[in-house]
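Engineer: This is the structure, below, for whatever I ask next.
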Amino acid sequence: MTRVATASAADERAAALAFDLRELPDDFYEDPFPHYHRLRRWDPVHRCPDGAYFLTRYADVVAVYQDHHRFSSDKRVEFRPKFGASPLYEHHTTSVVFRDPPDHTRIRKLFAPAFTPKALAALEPRVVRLVDTLLDRAAARGGMDVVDEYAAALPVQLIGDMLGVPNDERGPLRGWSLAILGALEPVPDAERLQAGNRAVEEFKEYLRRLIADRRRRPSTDPGEILSALIAAEDAGDKLTEVELLHQCIFLLNAGHETTTNLIANAVLSLTEHPGELARLRAEAGLIGTAVEEFLRYQSPNQLGNRRVVVDATVGGVPMPAGTLVTLGIGAANRDPGEFPDPDRLDLGRTPNRHLAFITGIHACAGMWLARMEGRVAIGRLVSRFTALRAAGQPVRARRARFRVLSSFPVALG
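Residue numbers (our numbering): -2 to 410.
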């Protein structure tokens, strides 16, 4: 090995050992994958300066997600110093995604009917209509901002339908979601916390009015989930009033963030890989595997968290109870030990056991809805327009937990 190579390896190792999720370098937000690769090579079970561990190997991330007995999703201990006694704390410790059994099991069962194959089959024509309407508008203008006018517009409308939010009252929904989820960043600043707390309060106030109206005038739409949640709250032993409010907020957040990021990043990836774009146009039947590859390649959710509740060992490293663990979903989905040539976008990749929807008992309940939205939105965009190109620079948000584009203008023809 040459001196240059030795020095380079030493520098890489030093950078990996010094990595701190709470003090991320600016280039991480634009492209975190070199950082993930470096950590996976030199320090895959990395202890950050605050004592928490960061996992970047696929096998380690899977092992933690599948062991809910040793690794808890309950965030009350972790979020108390982060949020204090605040609306954000109430929401993020009541939401089903951050609950353990038996509460997680009880609440998740209430959502199940909305995401059965039969329910999704009934929903798909509505998704097609929404997508075609958005594409008609884009065609009339000769282009669009993929984020605001397409990727975000679709799930907000769909979740608005599921919650029974009138069309003319949906304006604040995306802003509330972005603010509430933005507070989940490793180190949210005071402005982000203030915005998140305000969003929770405003959304709760709106939901109270919406729920009161729905009690007076029950919906006959079988695709609306709000009425089912209200019935569960009225039953008394299935859902409390506080839980009802926060599960509605969770539905918006989960339904909006993943799908928006999936579609926006997919369109960006296609403009950056014209060969794969041409391949998808020539082989429309690839859309299913293409969506899976977009989910792997630019995972909408990049980071997850668990707390050790029973002494455990991960990747040969002992972790006592009380240890906080950050799971590198985006890193695991680029692990060469699981995915050959992981930095290559391959729309026909099989097998593709990515972790975009995680795994275990907390696997995303709406994963098949997100997949369907992705297939329809990406497939119909590509098939309708023979020209799809960037009309400006994509803008990345300074978000580590989610792979977020703030803006991406495209020209269509």
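Even glycine gets a Cβ: it sits at the ideal position worked out from N, Cα and C. These numbers come from a predicted model, not from an experiment.
Ala15 to Pro152, Cα distance in whole Å?
Structural biologist: For the purposes of this step, residue 15 is identified with residue 18 of the sequence shown, where counting begins at 1. For the purposes of this step, residue 152 is identified with residue 155 of the sequence shown, where counting begins at 1. Answer to the nearest angstrom: the Cα atoms are 39 Å apart.
Engineer: Where does Arg393 fall in DSSP's three states?
Structural biologist: Here residue 393 refers to the residue found at position 396 of the sequence shown. Note: Arg393 maps to strand in three-state DSSP.
Engineer: Please report the Cβ distance between Phe405 and Asp133, rounded to the nearest whole angstrom; I am assuming they are in contact, meaning their Cβ atoms lie under 8 Å.
Structural biologist: Position 408 of the sequence shown, counted from the first residue, corresponds to residue 405. Position 136 of the sequence shown, counted from the first residue, corresponds to residue 133. Incorrect: roughly 20 Å between the Cβ atoms, too far for contact.
Engineer: For the alpha helix (DSSP H) holding Leu132, just list the boundary residues, first then last.
Structural biologist: Indexing the sequence shown from 1 puts residue 132 at position 135. Element bounds for Leu132: 114 to 138.
Engineer: Report all residues from its chain with a CB closer than 8 Å to the CB of Val311; omit the five preceding and five following residues, and keep chain order.
Structural biologist: Within the sequence shown, numbered from 1, the residue matching residue 311 stands at position 314. Counting only Cβ-Cβ distances below 8 Å, and skipping sequence neighbours, we find Val42, Tyr50, Leu52, Asp57, Ala60, Val61, Val322.
Engineer: For Asn330, does the three-state DSSP call read helix, strand or coil?
Structural biologist: The residue labelled residue 330 in the question sits at position 333 within the sequence shown. In the structure shown, Asn330 sits in coil (DSSP, three-state: anything other than H, G, I, E or B).
Engineer: Along the beta strand (DSSP E) that carries Tyr50, what are the first and last residues, could you check?
Structural biologist: Start at 1 with the first residue of the sequence shown, and residue 50 comes out as number 53. Counting along the chain, the beta strand (DSSP E) containing Tyr50 begins and ends at 50 to 52.
Engineer: What do you get for Asn330, buried or exposed, if any count of 16 or more other CB atoms within 10 angstroms of its CB means buried?
Structural biologist: For the purposes of this step, residue 330 is taken as the residue at position 333 of the sequence shown. The residue in question, Asn330, is buried, as its Cβ has 16 or more Cβ neighbours within 10 Å.
Engineer: Does Ala401 pass the burial test, meaning 16 or more other C-beta atoms within 10 Å, or should it be called exposed?
Structural biologist: In the sequence shown, counting from the first residue as 1, residue 401 sits at position 404. Here the sequence assigns Val to residue 401, which means Ala is not the residue at that position. With 16 or more other Cβ atoms within 10 Å, it is buried.
Engineer: Use the C-beta contact count for Val264: other C-beta atoms within 10 angstroms, 16 or more gives buried, fewer gives exposed.
Structural biologist: Position 267 of the sequence shown, counting from 1, holds the residue named residue 264. Buried, because 16 or more other Cβ atoms sit within 10 Å of the Cβ of Val264.
Engineer: So, do the segment 235 to 243 and the segment 85 to 100 have three or more beta carbon pairs nearer to each other than 8 Å?
Structural biologist: Flag = yes, the segment 235 to 243 and the segment 85 to 100 touch.
Engineer: At the level of alpha carbons, what is the spacing between Ala384 and Pro271?
Structural biologist: By one-based count along the sequence shown, residue 384 stands at place 387. By one-based count along the sequence shown, residue 271 stands at place 274. Answer to the nearest angstrom: the Cα atoms are 11 Å apart.
Engineer: Distance, Cα to Cα, Leu170 vs Gly161?
Structural biologist: Along the sequence shown, one-based indexing puts residue 170 at 173. Along the sequence shown, one-based indexing puts residue 161 at 164. When rounded, the distance between both Cα atoms is 13 Å.
Engineer: Classify Lys72: buried if its beta carbon has 16 or more other beta carbons within 10 angstroms, exposed otherwise.
Structural biologist: Within the sequence shown, the letter at position 75 stands for residue 72. Buried.
Engineer: Taking 6 Å as the limit between beta carbons, can you name the residues of its chain near Trp39, skipping five residues before and five after?
Structural biologist: In the sequence shown, residue 39 corresponds to position 42, counting from 1. Result list for Trp39: Arg10, Ala13, in chain order.
Engineer: If you draw a straight line from the alpha carbon of Ala148 to that of Glu370, how long is it in whole angstroms?
Structural biologist: Indexing the sequence shown from 1 puts residue 148 at position 151. Indexing the sequence shown from 1 puts residue 370 at position 373. When rounded, the distance between both Cα atoms is 10 Å.
Engineer: Our contact map puts Glu75 next to Asn302 with C-beta atoms below 8 Å; I'd like the distance itself, whole angstroms only.
Structural biologist: To locate residue 75, count along the sequence shown from 1; it is residue 78. To locate residue 302, count along the sequence shown from 1; it is residue 305. So it is a contact: roughly 7 Å between Cβ atoms.
Engineer: Taking all protein chains shown into account, do 16 or more other C-beta atoms lie within 10 angstroms of the C-beta of Thr130, making it buried, or fewer, making it exposed?
Structural biologist: On the sequence shown, residue 130 is found 133 positions in, with the first residue counted as 1. When all chains shown are included, Thr130 counts as exposed.
Engineer: To the nearest angstrom, how far is the alpha carbon of Ile355 from that of Asp165?
Structural biologist: The residue given as residue 355 occupies position 358 in the sequence shown. The residue given as residue 165 occupies position 168 in the sequence shown. So the two alpha carbons sit approximately 35 Å from each other.
Engineer: Around the C-beta of Ala279, are 16 or more other C-beta atoms found within 10 angstroms, so that it is buried, or is it exposed?
Structural biologist: On the sequence shown, residue 279 is found 282 positions in, with the first residue counted as 1. Classification for Ala279: exposed.
Engineer: Do Leu259 and Pro297 have their beta-carbon atoms positioned less than 8 Å apart in this structure?
Structural biologist: By one-based count along the sequence shown, residue 297 stands at place 300. By one-based count along the sequence shown, residue 259 stands at place 262. Result yes, Cβ atoms of Pro297 and Leu259 sit closer than 8 Å.
Engineer: Quick one: complete alpha helix (DSSP H) runs, 4+ long, within the segment 167 to 235?
Structural biologist: As far as the segment 167 to 235 is concerned, its whole alpha helix (DSSP H) runs of at least 4 residues are 170 to 179, 187 to 213, 223 to 232.
Engineer: Would a C-beta distance cut-off of 8 Å place Arg398 and Gln299 closer than the cut-off?
Structural biologist: Position 401 of the sequence shown, counted from the first residue, corresponds to residue 398. Position 302 of the sequence shown, counted from the first residue, corresponds to residue 299. It is a contact, given that the beta carbons lie within the stated cut-off.
Engineer: Pro99: which of Tyr86, Ser380, His359 sits nearest, CA to CA?
Structural biologist: Position 102 of the sequence shown, counted from the start, is the residue given in the question as residue 99. For Pro99, the nearest C-alpha among the options comes from His359.
Engineer: So the candidates are Tyr55, Ala7, Arg67, Pro110; which of them puts its Cα closest to the Cα of Ala413?
Structural biologist: Missing from the structure shown is residue 413; the chain here goes from -2 to 410 and no further.
Engineer: Sort Asp23, Glu269, Leu409 by Cα distance to Arg377 and report the nearest one.
Structural biologist: Residue 377 sits at position 380 when you count from the first residue of the sequence shown. If we check each option's Cα against that of Arg377, Leu409 comes out closest.
Engineer: Cutting at 6 Å between CB atoms, please list the residues of its own chain near Pro84, excluding the five before and the five after it.
Structural biologist: Looking up residue 84 in the sequence shown gives position 87. Answer for Pro84: Asn194, Val197, Glu198, listed in chain order.
Engineer: Assuming the contact rule is C-beta atoms closer than 8 Å, Asp338 and Glu290 should be a hit. Round their C-beta distance to whole Å, please.
Structural biologist: Taking the sequence shown and counting its residues from 1, one reaches residue 338 at position 341. Taking the sequence shown and counting its residues from 1, one reaches residue 290 at position 293. At roughly 12 Å, the Cβ-Cβ gap does not stay under 8 Å, so Asp338 and Glu290 are not in contact.
Engineer: Check the DSSP bridge columns for Val407 and list the partner residues they point to.
Structural biologist: In the sequence shown, residue 407 corresponds to position 410, counting from 1. In DSSP, Val407 forms a bridge with Met141, Ala387.
Engineer: If you run the structure through DSSP and keep just helix, strand and coil, what is Arg0?
Structural biologist: The count along the sequence shown starts at 1 and reaches residue 0 at position 3. Since pLDDT at Arg0 reaches only 45, below the 50 mark, its modelled position is unreliable, and the value read off the structure follows with that caveat. Of the three classes helix, strand and coil, the one that applies to Arg0 here is helix, per DSSP.
Engineer: Less than 8 Å between the CB atoms is what I'm expecting for Arg37 and Asp332, so what's the real figure, rounded?
Structural biologist: For the purposes of this step, residue 37 is taken as residue 40 along the sequence shown, with counting starting at 1. For the purposes of this step, residue 332 is taken as residue 335 along the sequence shown, with counting starting at 1. Yes, they are in contact, since the Cβ atoms of Arg37 and Asp332 sit about 6 Å apart, within 8 Å.
Engineer: Using a Cβ-Cβ cut-off of 8 Å (strictly less than) and excluding sequence neighbours within five positions of Glu335, which residues of its own chain qualify?
Structural biologist: Taking the sequence shown and counting its residues from 1, one reaches residue 335 at position 338. So the qualifying residues of the chain are Tyr55, Ala56, Ala329, Arg350.
Engineer: Going by alpha carbons, who is nearest to Val239 out of Tyr86, Glu27, Arg44, Gly48?
Structural biologist: The residue you call residue 239 lines up with position 242 of the sequence shown. It is Tyr86.
Engineer: With distance defined between alpha-carbon atoms, name the residue in Val288, Val379, Leu366, Arg304 nearest to His253.
Structural biologist: As a first step, residue 253 is located in the sequence shown; it is residue number 256 there, counting from the start. Out of Val288, Val379, Leu366, Arg304, Leu366 has the C-alpha closest to the C-alpha of His253.
Engineer: Rounding to the nearest angstrom, what Cα-Cα distance links Ala411 and Arg372 in this structure?
Structural biologist: Since the first and last residues shown for the chain are -2 and 410, residue 411 lies out of range.
Engineer: List the endpoints of the continuous alpha helix (DSSP H) containing Val85.
Structural biologist: Along the sequence shown, one-based indexing puts residue 85 at 88. For the record, residue 85 in the displayed sequence is Leu; it is not Val. Looking at the DSSP string, the run of the alpha helix (DSSP H) that includes Leu85 is 84 to 91.
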